[in-house]
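A.B. asks: Numbering-wise (the working numbering), the sequence shown opens with residue 27 and increments by one.
From the three backbone atoms N, C-alpha and C, an ideal C-beta is built for every residue, glycine too.
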Amino acid sequence: MGNSIAADARRVPQPITRDHAVHHDIELMAREVTACLDNGARFDFMTWNGQVPGPFLRVRQDDTVTLTLTSPSTNTRPHSIDLHAVYGTGGGSAATLVVPGGQSKAVRFKCLYPGAFIYHCAVPNLDEHISRGMFGMIVVEPHEGLPPVDREFYLGQHELYTREPFGSKGLLHFDDPAMIREQPHYVVFNGAVDGYTPDRLGRLHARVGETIRVFMVSGGPNLLSSFHPIGNVWARCWPQGALANPPLKYIQTQPVPPGSCFVGDMALPVPETIKLVDHALSRVVHQGLLAEIEVSGAPNPAVYNPSP
Ligand SMILES: [Cu+2]
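As structure tokens, this is what we get:
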């Protein structure tokens with residue numbers, strides 16, 4: 027599908043098992059890249075480390091982080107980073123503004139409170155930068171950790187405002203007035219139309235009997251996601267990524283506002299293809315938002331029998 031900036035949804039850092047705080051040196055590169063949005067369609071993305079959403083950062087409550095933000099000389103715009111896991115002016119953005127020409131800035135912070143948090147570029151026209159792809163997730167695990175699961179996936183939903191309608195070919199152009207009206211032509215997971223489907227990046231996979239977890243960051247910049255697994259339910263989930271709280275159980279559709287995250291677990295008692303969607307379904311049918319999980323294994327007709 028050409029050069030893609032889609033973050034690999036399967037590439038999630040290992041859960042944290044240690045019982046003490048450590049220090050992390052994290053380097054993020056602001057990269058402006060022209061890449062594939064859809065088969066035959068390219069777009070000028072802005073990314074962290076060349077992927078959308080940006081790298082999944084995983085730390086533990088009370089850990090400290092030195093975060094270095096670098097902008098190579100090939101960039102044409104200023105960038106900065108605001109992490110919602112940070113106490114400090116602009117969530118770190120005031121201290122990390124990097125201008126074109128090649129520059130690095132660092133900030134050090136302590137993760138005092140647990141949860142799943144968005145990070146995003148925070149220059150004055152941050153709505154455009156986020157719409158071009160500059161958002162990601164940092165998970166601060168609570169001291170006691172998270173309940174173990176068999177597989178974890180990482181998705182980011184956001185919308186793109188283009189002059190050209192959905193399905194156009196060639197290089198698509200950013201449309202400021204459409205963004206101000208909040209009328210995108212594209213709503214996608216991981217910066218790719220129909221991202222995790224057979225015709226694009228392929229389905230995600232799991233097996234009957236497993237428990238799986240989805241980390242979802244809602245970049246926006248403007249649209250709220252009504253996040254739903256078709257053919258399943260969030261057996262246990264943490265709205266707003268608020269991991270310090272007890273999870274909700276058996277939630278069908280969970281709102282994930284822009285600038286927030288979601289952590290949800292599913293049980294897989296039967297083989298099926300789960301479709302992860304925003305239940306504002308025109309975004310699925312007409313704007314490119316879809317990720318599928320293929321659950322393979324033995325049928326379980328006592329739970330579900332498609333041909334009784
Ligand atoms: Cu930026």
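Specify the secondary structure class of M292 as computed by DSSP and reduced to three states.
C.D. replies: strand
A.B. asks: Just to check, is the beta-carbon of V149 closer than 6 Å to a non-hydrogen atom of ligand 1?
C.D. replies: Correct: V149 has its Cβ closer than 6 Å to ligand 1.
A.B. asks: With distances taken Cα to Cα, identify the nearest neighbour of E58 among T102, P39, A33, R37.
C.D. replies: T102
A.B. asks: Please report the distance separating the alpha-carbon of M27 from that of T94.
C.D. replies: Summary for M27: the model assigns pLDDT 45, below 50, so the residue's position carries little reliability, and this model does not support an answer.
A.B. asks: In chain order, what residues of the same chain have a beta carbon less than 8 Å from the beta carbon of R262, not counting five sequence neighbours either side?
C.D. replies: P173, P273, L274, K275, G290, D291
A.B. asks: Within 10 Å of its beta-carbon, does V78 have 16 or more other beta-carbons around it, so buried, or fewer, so exposed?
C.D. replies: buried
A.B. asks: I need the DSSP call for M27, collapsed to helix, strand or coil.
C.D. replies: Note on M27: pLDDT 45, under 50, position unreliable in the model; no value is reported.
A.B. asks: Residues bridged to L274 by DSSP?
C.D. replies: C263
A.B. asks: Return the chain-ordered ranges of every alpha helix (DSSP H) run that is complete within the segment 184 to 212 and spans a minimum of 4 residues.
C.D. replies: 202 to 207
A.B. asks: Using the C-alpha atoms, what's the distance from T188 back to S30?
C.D. replies: Using only the alpha carbons, I get a separation of about 18 Å.
A.B. asks: For T102, does the three-state DSSP call read helix, strand or coil?
C.D. replies: coil
A.B. asks: With 16 as the cutoff for other CB atoms within 10 Å, does G118 come out buried or exposed?
C.D. replies: buried
A.B. asks: Measure the alpha-carbon distance for R134 versus I156 and round it to whole angstroms.
C.D. replies: Cα to Cα, R134 sits roughly 23 Å from I156.
A.B. asks: According to DSSP, D108 sits in a beta bridge with which residue or residues?
C.D. replies: H146
A.B. asks: Applying the 10 Å Cβ sphere with the 16-neighbour rule, what's the burial state of R44?
C.D. replies: exposed
A.B. asks: By how many angstroms is the C-alpha of H49 removed from the C-alpha of G128?
C.D. replies: About 26 Å.
A.B. asks: With the cut-off set at 7 Å, would you say S106 and A148 are in Cβ contact?
C.D. replies: Going by C-beta atoms, S106 is nearer than 7 Å to A148.
A.B. asks: Let me know the alpha helix (DSSP H) ranges lying completely inside the segment 28 to 84, each 4 residues or longer, listed in chain order.
C.D. replies: Counting only runs of at least 4 residues, the segment 28 to 84 fully encloses no alpha helix (DSSP H) element at all.
A.B. asks: Using DSSP with H/G/I as helix, E/B as strand and the rest coil, what is I319?
C.D. replies: strand
A.B. asks: From what residue to what residue does the alpha helix (DSSP H) around H312 run?
C.D. replies: Start and end: 308 to 313.
A.B. asks: Mind checking A56: buried by the 16 CB within 10 Å criterion, or exposed?
C.D. replies: Taking a 10 Å sphere around the C-beta of A56, we find 16 or more other C-beta atoms and assign the residue as buried.
A.B. asks: Look up S157 in the DSSP assignment and say whether it is helix, strand or coil.
C.D. replies: helix
A.B. asks: Going by the CB atoms, is the gap between S252 and A324 shorter than 7 Å?
C.D. replies: no
A.B. asks: DSSP three-state call for Y330: helix, strand or coil?
C.D. replies: coil
A.B. asks: Among the candidates Q313, V321, N326, P265, whose CA atom is the shortest distance from the CA of F143?
C.D. replies: P265
A.B. asks: Which partner residues does P255 have in the DSSP bridge list?
C.D. replies: L302, per the DSSP bridge assignment.
A.B. asks: My assumption, with CB atoms under 8 Å, is that G193 sits in contact with G245. Please give the rounded CB distance.
C.D. replies: The pair is not a contact, with the Cβ atoms about 22 Å apart (cut-off 8 Å).
A.B. asks: Please state the DSSP three-state secondary structure of L172.
C.D. replies: coil
A.B. asks: Can you look up T279 in the DSSP assignment and give me helix, strand or coil?
C.D. replies: coil
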